[in-house]
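*Asks:* Please find one structure pasted underneath; my questions will follow.
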Amino acid sequence: MLVVNGVPVTIAEQCNGVRGIFALVLVSYAFGFGLPLRNSVRFLILLASPLVTIGCNLLRILPTAWFYGYASPDFALKFHNAAGWAMASTRSRGRKPRNCAG
């Protein structure tokens, strides 16, 4: 558990983004081998995909945790939901993000 400004902040399993890593690697594999690319470019795409997923999750989770510790709970929840929708739209899953932080 993370404590920010005396407020306990947890990251639920639904929000940690680990499931997105496998999905992005799978899509990257299909993209890399579905197009006539050099092997070095294919390797770069496969190597970059989990790093991009982790980076995007950090850009979403760190400000969310900070807002839960230092901003009003209402603003933190609004930011959490907006960031969740933004990530869901980039993954093209079309499902509503769950309320999983706080």
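Under our numbering, the first residue of the sequence shown carries the number 517, and numbering increases by one thereafter. For every residue, glycine included, the Cβ atom is placed at its ideal position computed from N, Cα and C. These figures come from a predicted structure and were not determined experimentally.
1) For the alpha helix (DSSP H) that residue 566 lies in, which residues bound it at each end?
2) Could you please give me the residues that DSSP links to residue 542 through a beta bridge?
3) Taking 8 angstroms as the threshold (C-beta atoms), are residue 544 and residue 567 in contact?
4) Classify residue 525 as buried or exposed, calling it buried when 16 or more other Cβ atoms lie within 10 Å of its own Cβ.
5) Tell me the DSSP secondary structure of residue 518 in three-state form.
6) Check residue 593 in the structure and name its three-state DSSP category.
7) So for residue 602, helix, strand or coil by DSSP?
*Replies:* Looking at the atomic coordinates:
1) For the purposes of this step, residue 566 is identified with residue 50 of the sequence shown, where counting begins at 1. Per DSSP, residue 566 belongs to the alpha helix (DSSP H) from 555-586.
2) Taking the sequence shown and counting its residues from 1, one reaches residue 542 at position 26. Answer by DSSP bridge pairing: none, since residue 542 is not bridged.
3) Your numbering for residue 567 matches position 51 in the sequence shown. Your numbering for residue 544 matches position 28 in the sequence shown. No. Outside cutoff.
4) Position 9 of the sequence shown, counted from the start, is the residue given in the question as residue 525. The residue in question, residue 525, is buried, as its Cβ has 16 or more Cβ neighbours within 10 Å.
5) As a first step, residue 518 is located in the sequence shown; it is residue number 2 there, counting from the start. Residue state, collapsed to three classes: strand.
6) The count along the sequence shown starts at 1 and reaches residue 593 at position 77. If DSSP states are grouped into helix, strand and coil, residue 593 belongs with the helices.
7) Here residue 602 is taken as the residue at index 86 of the sequence shown, counted from 1. In this structure, residue 602 counts as helix in the three-state DSSP scheme.
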